[in-house]
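Numbering (our numbering), first residue to last: 1260 to 1361.
We treat Cβ as the ideally placed atom computed from N, Cα and C, and that holds for glycine.
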């Protein structure tokens, strides 16, 4: 075997399994921090505008349709549920169920 051969328990670009684990952990932490910064900025801007333009937000709330808001919420929750069930079926090696859903 060549001098650069790696054992089977880690990917070829890593020298050790520990290095692979540390790289994955760093990537996950970078992703989580990026999400916090992104959504923190969005919620911060919403809060500032909501407190600055109180009358506009109050007037806009009268134009909301409770039916469509409820419908969209149900669609989003159902979509999330089906994806979670598909991932679970794939993890439990129920291959046919992951594809057909039955």
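N-terminal and C-terminal residue of the alpha helix (DSSP H) that residue i is part of
| i | result |
| --- | --- |
| residue 1285 | 1276-1311 |
| residue 1272 | Segment: none, residue 1272 is in no alpha helix (DSSP H) and carries neither H nor E. |
| residue 1332 | 1325-1350 |
Contacts around residue i, its chain only, beta-carbon distance under 6 angstroms, and the 5 residues preceding and following it disregarded
| i | result |
| --- | --- |
| residue 1269 | 1276, 1279 |
| residue 1302 | none |
Distance between beta carbons of residue j and residue i, contact taken as under 8 angstroms
| i | j | result |
| --- | --- | --- |
| residue 1309 | residue 1316 | 6 angstroms |
Residues of its chain near residue i, where Cβ-Cβ distance is below 8 angstroms and the 5 sequence neighbours each way are ignored
| i | result |
| --- | --- |
| residue 1300 | none |
| residue 1291 | none |
Cβ-heavy atom distance, residue i to the ligand NAD, below 8 angstroms
| i | result |
| --- | --- |
| residue 1346 | Absence of the ligand NAD from the depicted structure is noted, as is the absence of any ligand whatsoever, leaving it without description. |
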